[in-house]
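Visitor:
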Amino acid sequence: MILSPTQQLPCPSPEDYAALALYMQRLAERFEAKIVAERALITDFATQPAGLWANTGALTASNGSPISAIDITTAIFTNTPSRLFVGFSTLPNGGVFPEAGVYHVGWNVTMQELGGVTAGSFRQITFQIQQATASGTPLVLQDMSRKVIASTLATERFGNDGLVVVGESTRALVGARIEFLHDNVASQVRINAGNLRGWYRRLGSTAQIEVS
Amino acid sequence: MDVRRAGGARVTSTTAHELPYQTGGDRPCDAPEVWCEFTAALDAKMHTTDQLIARYQPTISMAKLTRDTDEIFLTSTQGIFPIRFEAVELDTDDMADFAVSQFNIKPHRLGSYYVTASVSLASGDVDNFEVSVVRGPVTTSTTSSSYSPLATTTATRGTYSAPFIVRAGGIFDWATDDFIGFGVIINPLDSGTFSMQLATLAVYWVSDLQVNGP
Numbered sequence: 004m005i006l007s008p009t010q011q012l013p014c015p016s017p018e019d020y021a022a023l024a025l026y027m028q029r030l031a032e033r034f035e036a037k038i039v040a041e042r043a044l045i046t047d048f049a050t051q052p053a054g055l056w057a058n059t060g061a062l063t064a065s066n067g068s069p070i071s072a073i074d075i076t077t078a079i080f081t082n083t084p085s086r087l088f089v090g091f092s093t094l095p096n097g098g099v100f101p102e103a104g105v106y107h108v109g110w111n112v113t114m115q116e117l118g119g120v121t122a123g124s125f126r127q128i129t130f131q132i133q134q135a136t137a138s139g140t141p142l143v144l145q146d147m148s149r150k151v152i153a154s155t156l157a158t159e160r161f162g163n164d165g166l167v168v169v170g171e172s173t174r175a176l177v178g179a180r181i182e183f184l185h186d187n188v189a190s191q192v193r194i195n196a197g198n199l200r201g202w203y204r205r206l207g208s209t210a211q212i213e214v215s
Numbered sequence: 456m457d458v459r460r461a462g463g464a465r466v467t468s469t470t471a472h473e474l475p476y477q478t479g480g481d482r483p484c485d486a487p488e489v490w491c492e493f494t495a496a497l498d499a500k501m502h503t504t505d506q507l508i509a510r511y512q513p514t515i516s517m518a519k520l521t522r523d524t525d526e527i528f529l530t531s532t533q534g535i536f537p538i539r540f541e542a543v544e545l546d547t548d549d550m551a552d553f554a555v556s557q558f559n560i561k562p563h564r565l566g567s568y569y570v571t572a573s574v575s576l577a578s579g580d581v582d583n584f585e586v587s588v589v590r591g592p593v594t595t596s597t598t599s600s601s602y603s604p605l606a607t608t609t610a611t612r613g614t615y616s617a618p619f620i621v622r623a624g625g626i627f628d629w630a631t632d633d634f635i636g637f638g639v640i641i642n643p644l645d646s647g648t649f650s651m652q653l654a655t656l657a658v659y660w661v662s663d664l665q666v667n668g669p
């Protein structure tokens, strides 16, 4: 029997042509195992954990009074059941991210003034992926905060995104810190239910690529 | 498809991938030779597939650079400010090489890449600026005429208090290795000084450049 150089596929020696049926069986079994393994790898790559969540209730803030510890828990789409985009106060077992790896994380918001717009006033969303530490001071893994100046249209839409590295040993300690702040003196500013959205998609592991 | 061997015998192969196979007209004793040609061809095809899959599993090309120490810019002495990064937080494909440049992430594989940059500016006289993702000559000597922005923030203008937090990003092609790398620049639109607090630049591979067939 002769084996091919990398995949070890069997082929008969010239004197073995009477045993072709057996060789065909071996080749078929070898090839099937290869297809099953490759399909499993491709399926795993194509179905990386991903999700999109939104705030459940309206968030109404007054000038200079931040709304802190915001959780966005209404799942619009997720292929990772039982996951919520939440902060430390409601961090689920296992943390926000379902497995270790690198995630593309982002958010966007639409907010509206309930009355007048103060010229030059700002709207700010603090959105950080944090990891709890023994010292009590969280480690910021990625700061995706944004601060924009108010438009005259009384509706602001903005967002941000970034890459977050989540380790296996610390994954259960990772959550989101989300706050809403503005300095619009003329009126309160509101984010309606569903208008603050957070999402993530796992891109892969931190392993070094070794193939050319 | 039929091809003729050196000895004169014919070998029939599949059309697309040229995998040889035995036909009714072949002698039974030719089967082992045809079989081995078949497995050799299959071996080569599968090896290529393995290489492609191995690039995706367990990961794809990704890199992330950060800077978290203050840097003061004087707009009176320089017009465009390329960001010099300080740390490589992530790099799965040797795309960040600080020995060559602290300003860029340079992919090694042609393709489409998602690029995102975020910059926070602290106190300063400047409250009107743009941040751009660029693909080209990003160095300390960058000038307004030596870069071509891929994505630029809306100019930030206003009187609100620092920090000014902005971002720019999108999907961009990496079509030739002649590019120096993806980088980030700050373009002040007013004169004065300002201080940068935090900057990040992240890049990850999205797809190859080739067009999908039907």
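Protein chains in written order, with our numbering: chain A, 4 to 215; chain B, 456 to 669. Glycine residues also receive a C-beta, built at the ideal position from the N, C-alpha and C atoms.
(1) Counting C-beta neighbours from all protein chains within 10 Å, is the total for THR571 of chain B 16 or more, i.e. buried, or is it exposed?
(2) Considering only the beta carbon of each residue, do VAL169 of chain A and PHE100 of chain A sit closer than 7 Å?
(3) Going along the chain, which unbroken runs of the beta strand (DSSP E) with 3 or more residues stay wholly within the region 515-590 of chain B?
(4) Using the DSSP secondary-structure output, state which residues sit across from GLY162 of chain A in a beta bridge.
(5) Please go through the same chain and pick out, in chain order, the residues whose beta-carbon is closer than 8 Å to the beta-carbon of ASP549 of chain B, but skip the five residues on each side of it.
(6) Could you please give the first and the last residue of the uninterrupted alpha helix (DSSP H) stretch that includes ARG29 of chain A?
(7) Checking 7 Å against the spacing of the C-beta atoms, do ALA657 of chain B and LYS519 of chain B come in under that value?
(8) Give a single yes or no on whether LEU507 of chain B has its beta carbon closer than 6 Å to a heavy atom of the ligand SAH.
(9) Does the beta carbon of TYR568 of chain B come closer than 7 Å to any beta carbon on chain A?
(10) Helix, strand or coil for GLN506 of chain B, going by three-state DSSP, please let me know.
(11) Three-state secondary structure (DSSP) at PRO8 of chain A?
(12) Could you tell me which residues DSSP puts in a beta bridge with ARG205 of chain A?
(13) Below 7 Å on C-beta distance, what does ILE212 of chain A contact in chain B?
(14) How about ALA577 of chain B: is its C-beta nearer than 7 Å to some C-beta of chain A?
(15) Return helix, strand or coil for MET651 of chain B, following the three-state DSSP convention.
(16) Give me the subset of the region 636-661 of chain B whose CB atoms are less than 7 Å from a CB atom of chain A, sorted by chain position.
(17) Mind checking the region 156-171 of chain A against chain B and listing, in chain order, the residues whose C-beta falls within less than 7 Å of any C-beta there?
(18) Is the CB of PRO604 of chain B under 7 Å away from at least one CB in chain A?
(19) Quick one: residues in its chain with C-beta nearer than 8 Å to the C-beta of ASP19 of chain A, no 5 flanking neighbours on either side, listed in chain order?
Guide: Working from what's here:
(1) When all chains shown are included, THR571 of chain B counts as buried.
(2) At the C-beta level, VAL169 of chain A and PHE100 of chain A come within 7 Å of one another.
(3) The region 515-590 of chain B contains these whole beta strand (DSSP E) runs: 517-522, 526-529, 542-546, 566-579, 584-590.
(4) Bridge partners of GLY162 of chain A: A:ASN111.
(5) Hits under 8 Å: HIS563.
(6) It spans 23-49 - the alpha helix (DSSP H) in which ARG29 of chain A sits, taken as one unbroken run.
(7) Less than 7 Å separates the beta-carbon of ALA657 of chain B from that of LYS519 of chain B.
(8) The ligand SAH is not among the ligands present in this structure, which contains no ligands whatsoever.
(9) Taking Cβ atoms only, chain A never reaches closer than 7 Å to TYR568 of chain B, which makes this a no.
(10) Three-state DSSP puts GLN506 of chain B in a helix.
(11) DSSP, reduced to helix, strand and coil, places PRO8 of chain A outside both helices and strands of the structure shown, so it counts as coil.
(12) Looking at the DSSP output, ARG205 of chain A shares a beta bridge with A:TYR106.
(13) By Cβ distance, chain B contributes ARG510, THR514, SER516, THR547, ASP548.
(14) Cβ-Cβ to chain A under 7 Å: no for ALA577 of chain B.
(15) Strand.
(16) The residues in question are LEU653, THR655, ALA657, TYR659.
(17) The residues in question are ASN163, ASP164, GLY165, LEU166, VAL168.
(18) With 7 Å as the cut-off, PRO604 of chain B does not count as an interface residue toward chain A.
(19) So the qualifying residues of the chain are MET4, TYR26.
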